[in-house]
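Participant:
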Amino acid sequence: MEELHRVTPEQFRLQAKFPIVVVLDNIRSMNNVGSVFRTCDALNVSHLWLCGITARPPQKEISKTALGATDSVTWSYVEDTVTALKKLKEEGYVVMAVEQTDASKMLQTIDFCSYEKVALVMGNEVFGVSDDALPFCDLAVEIPQFGTKHSMNVTIATGIVLWEAVRQLGRL
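Just so we're on the same page, the numbering used here is the position in the sequence shown counted from 1, plus 1456.
1) Going by beta-carbon coordinates alone, are ALA1540 and CYS1593 separated by less than 8 Å?
2) Going by the DSSP bridge assignment, what does TYR1533 pair with across the sheet?
3) Exposed or buried, what is GLY1584 when buried is set at 16 or more other beta-carbons lying within 10 Å of its beta-carbon?
4) If you follow the alpha helix (DSSP H) that GLU1517 is part of, which residue opens it and which one closes it?
5) Thinking C-alpha only, which one of GLN1471, VAL1501, ASP1527 is nearest VAL1478?
6) Which runs of the beta strand (DSSP E) fall wholly inside the stretch 1550-1584 and span at least 3 residues, in chain order?
7) My output table needs one value for PRO1591: the three-state DSSP class, helix, strand or coil.
8) At the level of alpha carbons, what is the spacing between MET1562 and GLN1556?
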């Protein structure tokens, strides 16, 4: 780890984070949950919210893909996604659903630097961001796609949107 210039989980928890949180809205695959933990670690996200049916550590299937990120990324669980979104809005977060809607904005048009704090809501693998949660989102962000499916695995979508946010905020 030293040769790779990696910080320890303890150092990671103490270092300054990007003002971004990720909210997992009823993610059914524990492998997806573990992958999002790992992505949140890699991109220095400040917090991960696990909501609804989303599994939480410790779970073997989460650990398999998280590769230790459950020890470095701070996280919380709430039974209802709306509860998490209300709390985040009270704390001044702009809540963005990563979802295709009739009013969604394309990812490349979002200026993440214009927001003090951002919460990205990632929806269920089949149904997307829940109908209950959508009204509590300030906007919807869509990833441009050019194939026939017009959907991506939640872990891929999380990585793409987080990378763009961190790229802008970190001026990478």
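Note that the Cβ used here is the ideal one computed from N, Cα and C, for glycine as well.
Facilitator: Considering the structure as presented:
1) No. Outside cutoff.
2) LEU1506
3) buried
4) 1516-1522
5) VAL1501
6) 1550-1554, 1574-1578
7) Of the three classes helix, strand and coil, the one that applies to PRO1591 here is helix, per DSSP.
8) 9 Å
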